[in-house]
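Data block below; observations after.
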Amino acid sequence: MHALIAQLLAMTAAVIAGVLVAERIETPVRSLASRISEGRGRRR
2 MHALIAQLLA MTAAVIAGVL VAERIETPVR SLASRISEGR GRRR
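Numbering (our numbering), first residue to last: 2 to 45.
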């Protein structure tokens, strides 16, 4: 039972870390994408 609880805790921690990392990566990617699209619009 103890091993199961430890595994569940590790899985939840991994999920939380993944979500946090995804959010941190997503914002700069979005800003970069908007900048690129704006640059294309200005050139045309």
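Every residue, glycine too, gets a C-beta built ideally from N, C-alpha and C. Treat the numbers as computed from the prediction; the structure is a model and nothing was measured.
Quick one: Cα of residue i to Cα of residue j, how far?
i	j	result
GLY19	ALA11	12 Å
ARG31	ARG41	15 Å
ARG36	ILE26	16 Å
GLU39	PRO29	15 Å
THR13	LEU5	12 Å
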